[in-house]
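According to the numbering used here, the sequence shown is numbered sequentially starting from 12. In what follows, a structure is listed as structure tokens, so that the remarks can point back to it.
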Amino acid sequence: MNKKILWVIIAVLLVAALAAVYFLTKPAGTEGSKSFTVEIIHKDGSEKKLTLQSDAEFLNEVLEAESLVEYFEGQGCYIKSVDGEEAIYEDGGYYWSFSVNGQLAMVGVDETPLVDGDVYTLKNTNESMF
């Protein structure tokens with residue numbers, strides 16, 4: 012068998028395996044009412060805390076329903092502004108940091124399932140993530 016064909020087959024199998032792992036382990040939303048907190052920390056350090064209840068499964072559903080976020084067009088759930096305030100990367104490296112219960116989130120708001128009692132924080136910052 013030609014080595015190129017063998018490498019293509021291996022690559023296809025590897026991609027299929029990675030896709031399967033992703034779909035089997037991705038966060039899943041839960042049904043039912045949940046009470047949770049959304050914290051917004053503005054560039055000037057002022058804070059806004061909202062205690063919300065929802066039957067939604069993912070955080071982005073609530074953020075959109077409450078008109079709290081605006082996304083960059085054509086870039087999925089990449090956050091442009093929160094609570095009317097933009098984070099402008101070109102002006103000092105600012106971006107909207109997202110954490111869950113004080114830990115930097117590993118997925119975006121569109122893949123973050125709502126959990127009863129959790130605290131979701133959006134912070135306009137230019138601090139390094141690392």
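All C-beta atoms, glycine included, are put in the ideal place defined by N, C-alpha and C. If you're wondering where the values come from, they're calculated on a predicted model, not measured in any experiment.
Item	Value
If THR123 sits next to ILE52, beta carbons under 8 Å apart, how far is it from one beta carbon to the other, in whole angstroms?	Their Cβ separation, rounded to whole angstroms, is 17 Å, which puts THR123 and ILE52 out of contact at 8 Å.
In its own chain, which residues sit with a C-beta less than 7 Å from the C-beta of ASP129, not counting the 5 before and 5 after it?	PHE47, VAL111 and ASN112
Do you know whose CA, among ASN71, GLU77 and VAL26, lies nearest LEU125's CA?	ASN71
Classify ILE51 as helix, strand or coil using the three-state DSSP reduction.	strand
According to DSSP, is ILE16 helix, strand or coil?	helix
What is the residue span of the alpha helix (DSSP H) that LEU70 lies within?	70-76
Could you check which residue in GLY103, MET140, ILE99 and GLY56 has the C-alpha nearest to that of ALA116?	MET140
Rounded to whole angstroms, what is the Cα-Cα separation between TYR105 and ASP55?	12 Å
Can you check whether the CB of GLY103 is closer than 8 Å to the CB of ASN137?	yes
GLU50 to LEU63, Cα distance in whole Å?	11 Å
Once DSSP output is grouped into helix, strand and coil, what is the label at LEU79?	coil
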